[in-house]
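Letter by letter, the sequence shown follows residues 90 to 451 in the numbering used here.
For every residue, glycine included, the Cβ atom is placed at its ideal position computed from N, Cα and C.
Owing to the predicted nature of the structure, the values given are computational and were not obtained by experimental measurement.
Structure first, commentary second.
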Amino acid sequence: MGLKEKSKLQCLERELKLRQDLERQLKRKVKQELKRELKQEVKEKLKRKFKRKLGRKLELKCKGNPITTSPLKLKQPSFKEDAKLLKTGFLSDVKVVCGDKTWQLHKYILCTRSSFFMKAFTGKFKEAETGCIEIHEQDPTEVGWVITFIYTSKAAPDLKMLLLDDDTMADTCVRLSTIGDYLSVDRLGDMVANVLYKKHVSVAHAAQRAGDTAWISDDFVSVFFQAAATAYARCRSTFGPLRQAFAKFFELSRFLALRDERFRAQLRNIPELSHDILMLLVKDEGENDGRCMVLFERPCRCFGCRREEVDFFPLAWVECGVEITLDRKTDQWDGIGPEGYCEQCARVFEKVPDAFPPIEDD
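Structure below.
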């Protein structure tokens, strides 16, 4: 091979090597670009997913759902500093008068937490010019409760005593909801419903343990239905959470109260409450589940560990089906039939639809 041929061969080899290097560089760049695009696409998907979840949580938060979702932590106003302003009246720029009581307050705090005060102090009314609003036909004590709640997000000391007293709690909750609705303080209605709900949880917990409601005093039944009648006589849109608290008592007690003649007699006077209880008794647990109901009879033994004479908590389950059949050999229900689990096994058998979740100890 001559020198020319060798020189040409070397040139071809160098050219081939350069092409190979260029191809490798191009492949690396393409891979890097694809990775960047993929990462960006994943980030965008995660952002959209997070926004959807956040939107659902905010929606559930606004509806006041206390059961199925964990509360979303939102930044709260500085109530500690506001409480000092309420106590001292420092930098107050508006005045609220009700009966023989007068409060030196702050327009910004009132308007941002109550649409009633927002309209009064920013609309085309004389209150907007004078900076003084007179509230008529309302109890000054109740107005004071609302003002204290607006500034502190807590109940006033005298109000707290009424809420802790079993004889006055239900009636006080209705009074608070009424004045809260009048002054358009939505958060107060949620707080009242939560207080009533906690009380009903404690009574229902004892009813589950006892297996009946015969031990509940006549005074509790009387006060319960007096307050419920008032709540159900008001507008559903504003008294919805309070209504739900009364209806949920029956569900939390596994509807044992429906066997009590005292409760049945009173329910005849409040048809809407009876309707809400029925909707809780026969409710849709999800798109893939049918209707769930409760049994009043205790199972003779646990369907999980097969032990007899155990404390059933929850009392009984009902699964959905078309017909009720019982296999005597296996002692198993096919279709609609009761399945009762002791407290220990109930935590394991998650496949059983929990139509009425047991109340847990705090």
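Ranked by Cα distance from residue 244, the options 262, 193, 255 are led by 262. When secondary structure is reduced to three states using DSSP, residue 191 falls in the strand class. Between residue 296 and residue 367 the beta-carbon gap is near 19 Å, outside 8 Å, which marks them as no contact. For the set 358, 324, 352, 301, the Cα lying nearest the Cα of residue 343 is the one of 301.
Around the Cβ of residue 187, a 10 Å sphere holds 16 or more other Cβ atoms; the residue is buried.
By the Cβ test, the region 207-214 is not in contact with the region 283-295, since fewer than three Cβ pairs between them sit closer than 8 Å. Put simply, the backbone Cα of residue 190 is about 24 Å away from that of residue 278. Residue 260 sits close to residue 316, with the two beta carbons spaced by under 8 Å. The beta-bridge partner set that DSSP reports for residue 221 consists of 184. In the structure shown, residue 342 adopts coil according to DSSP, grouped into three states.
The Cβ atoms of residue 274 and residue 202 lie closer than 8 Å to each other. In the displayed model, residue 236 falls within a helix according to three-state DSSP. Around residue 193, the same chain offers 178, 181, 184 as residues with beta carbons nearer than 7 Å, after the five sequence neighbours per side are excluded.
A buried status is given to residue 231, since no fewer than 16 other beta-carbon atoms sit within 10 Å of its beta-carbon. In the three-state reduction of the DSSP assignment, residue 305 falls in the coil class. Under the three-state reduction of DSSP, residue 272 is assigned to coil, being neither helix nor strand.
Considering only 228, 239, 196, the residue with the shortest C-alpha distance to residue 219 is 196. For residue 199, same chain residues with a beta-carbon under 6 Å away, outside a window of 5 residues either side, are 206 in chain order.
Taken through DSSP and simplified to helix, strand or coil, residue 227 comes out as coil. Sequence-distant Cβ neighbours of residue 265 in its own chain, meaning closer than 7 Å and more than five residues away, are 234, 277, 281. Sorting 209, 291, 326, 170 by C-alpha distance to the C-alpha of residue 241 places 170 at the top. Under the 10 Å beta carbon count, residue 298 is surrounded by fewer than 16 other beta carbons and is classified as exposed. In the displayed model, residue 244 falls within coil according to three-state DSSP, outside both helix and strand. Excluding the 5 residues flanking it on each side, residue 223 has same chain C-beta neighbours closer than 7 Å at 186, in chain order. Inter-residue distance for residue 331 and residue 130 is about 46 Å (C-alpha atoms, whole angstroms).
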